[in-house]
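Asker: Mind the numbering: the sequence shown is residues 74 to 484 in the numbering used here, read in order. Built from N, CA and C at the ideal position, the CB exists for glycine as well. For reference, the structure I am asking about is given below.
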Amino acid sequence: MTPSEASETAAGAPPAPPSALGVGMVGYAFMGAAHSQGWRTVGHVFDLPVRPTLAAICGRDATAVRAAADRHGWAAAETDWRALIARDDVQIVDICTPGDSHAEIAVAALAAGKHVLCEKPLANSVAEAEEMVRVAEEAAGRGQIAMVGFNYRRVPAVSYARKLIESGRLGELRHVRVTYLQDWLVDPEAPLTWRLRKEHAGSGALGDLGAHIVDLAQFLAGEPLVGVSALVETFVKERPLPGGAAAGLSASTRADGGRGAVTVDDAAVFTGRLASGALATFEATRMAAGRKNALRLEINGERGSLAFDLERLNELSFHDHTEPAPSSGFRRILVTEPEHPYLEAWWPAGHALGYEHTFVHQARDLVEAIATGTGPVPSFADGLQVQRVLAAVEDSAAKNAVYTPVPQPTD
């Protein structure tokens, strides 16, 4: 082999796996706990090319972040995300903060040579997301990975649904319908947490829940949304100011009775068109009494249909429309076999998984992408596509549901 041939072989080969992958996480509340579970568990379940370690966690409250570090198994605690990024024992920066800080932290982490996992939605605006993609693409040339955290892709039943669609079992797609319903804001006296302030959250149910269902629709269909027609509404315009830090989706109310304006939507409903011409409908709300975390989807094609319900996340409903009518109908597929996505490392068939396992699968996929030098899925570019859909929804709603095109990468 000549020196030039050797050089070409080395250049085309994947990089050698890193000797260590220390994770530094910014944020420690609801998503911080979920991501901690994923990082703490993944190396004990999957046979990874390199095992991640919980190097440091970051939050502004020194006492609270130290308690979170002790509870979730992080070796160190920081109160400044810049200090966390600068640590030599941190190779992955995991961003679990409100959306208003995603862009700043991600751009700084990539500039410092770190890999990045950023919670959804990618940013609070299309402009921020575009800058994140630009920096991520530059970093990719240096071998860095930047992934956005749409964890519901990692439900085995959802991943299996994608395989069925990709293999042609549904044929040409015609309809996609997705709903994501919660009820934690039905009470008008629920406090005005950061999720209800546009400057922190970007949008309300649209960005919080709508981002998930837009990503799922595009992921499963294998094509982007190209236009939308939308309505959004804020039913409770004013709420009590919070008296302390939020815990999960709740917080205490301030004792002095102060109130503030809600500046995001409570609910969003919209229709859309996929690139192939298939139609889609979406509903995202945090005002559906009795619905705790009800994400449901159904996809109809010329050869069949499938349906998924997050409250029964180990199951997929599938209808093969090519079967004879007398014996056809929806059938239940229990997605727990070792041949199903992610399940080769878990329990014997029939032993169900739960919500937290999606974060273990997310950690596995990121570690393997880093070790093999392959592109991350979903990438920051995927996150930008979702951001463009969300922006088009807001634009359409501001014009009383006027059909609004979604800009595509070639536009």
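Counting Cβ pairs closer than 8 Å, one from the segment 203 to 221 and one from the segment 240 to 247, do we hit at least three?
Answerer: Taking 8 Å as the limit for Cβ pairs, the verdict is that the segment 240 to 247 does not touch the segment 203 to 221.
Asker: Rounded to whole angstroms, what's the CA-CA distance from residue 86 to residue 446? Just pull it up for me.
Answerer: The predicted model places residue 86 with a pLDDT of 49, which falls under 50 and marks its position as unreliable, so this point remains unresolved.
Asker: Throw me the rounded Cβ distance for the residue 38 and residue 281 pair, which I believe falls under 8 Å.
Answerer: For residue 38 there is no data in the structure shown, the boundaries of the chain being 74 and 484.
Asker: Please report the distance separating the alpha-carbon of residue 483 from that of residue 197.
Answerer: Computed Cα separation, rounded: 22 Å.
Asker: Quick one: grab the DSSP three-state call for residue 433.
Answerer: Residue 433: helix per DSSP, three-state reduction.
Asker: I'd like the ranges of any beta strand (DSSP E) spanning at least 3 consecutive residues and lying wholly in the segment 207 to 283.
Answerer: 219 to 222 and 246 to 254, all fully within the segment 207 to 283.
Asker: Just to confirm my understanding: we take residue 402, look at its own chain, exclude 5 residues before and 5 after, and list those with CB closer than 8 Å. What are they?
Answerer: Correct list, in chain order: 392.
Asker: Answer yes if the segment 297 to 304 comes into contact with the segment 465 to 480, meaning at least three C-beta pairs across the two stretches below 8 Å, and no otherwise.
Answerer: Enough Cβ pairs lie closer than 8 Å, so yes.
Asker: When the Cα atoms are used, what is the spatial distance from residue 226 to residue 476?
Answerer: Whole-angstrom Cα-Cα distance: 28 Å.
Asker: Which same chain residues end up closer than 6 Å to residue 95 when comparing Cβ atoms and leaving out the 5 residues on each side of it in sequence?
Answerer: Within the same chain, residue 95 has close Cβ partners 126, 128, 162, 163 and 164.
Asker: Among residues of its own chain, excluding the 5 on either side of residue 373, which ones have a beta-carbon nearer than 7 Å to its beta-carbon?
Answerer: Only 247 and 248 meet the Cβ criterion.
Asker: Between residue 265 and residue 338, which are expected to be in contact by the criterion C-beta below 8 Å, what is the C-beta distance as a whole number of angstroms?
Answerer: Contact flag wrong, Cβ pair sits at about 14 Å.
Asker: Which term fits residue 245, buried or exposed, when burial requires 16 or more other beta carbons within 10 angstroms of its beta carbon?
Answerer: Per the 10 Å Cβ criterion, exposed.
Asker: Going by the DSSP bridge assignment, what does residue 393 pair with across the sheet?
Answerer: Residue 393 pairs with 377.
Asker: Looking at C-beta atoms only, is the number of pairs between the segment 283 to 303 and the segment 169 to 189 that lie closer than 8 Å three or more?
Answerer: As far as the Cβ criterion goes, the segment 283 to 303 does not touch the segment 169 to 189, which means the pair count is below three.
Asker: Once DSSP output is grouped into helix, strand and coil, what is the label at residue 92?
Answerer: Three-state result, residue 92: coil.
Asker: I need the boundaries of the beta strand (DSSP E) containing residue 188, first residue and last residue.
Answerer: Run containing residue 188: 188 to 192, per the beta strand (DSSP E) assignment.
Asker: Just the C-alpha distance for residue 326 and residue 261, rounded to the nearest angstrom, thanks.
Answerer: Roughly 12 Å separates the two Cα atoms.
Asker: Looking only at its own chain, which residues have a Cβ that is under 7 Å from the Cβ of residue 77, when we skip the five neighbours before and after it?
Answerer: A caution first: residue 77 carries a pLDDT of 35, below 50, which makes its placement in the model unreliable, though a value can still be read off. Excluding residues within five positions, none has a Cβ falling inside 7 Å.
Asker: Could you spell out the range, first to last residue, of the beta strand (DSSP E) harbouring residue 143?
Answerer: No beta strand (DSSP E) holds residue 143; the alpha helix (DSSP H) holding it covers 135 to 145.
Asker: Would you list the one or two residues that DSSP bridges to residue 333?
Answerer: Answer is 312.
Asker: If you follow the beta strand (DSSP E) that residue 405 is part of, which residue opens it and which one closes it?
Answerer: Run containing residue 405: 404 to 407, per the beta strand (DSSP E) assignment.
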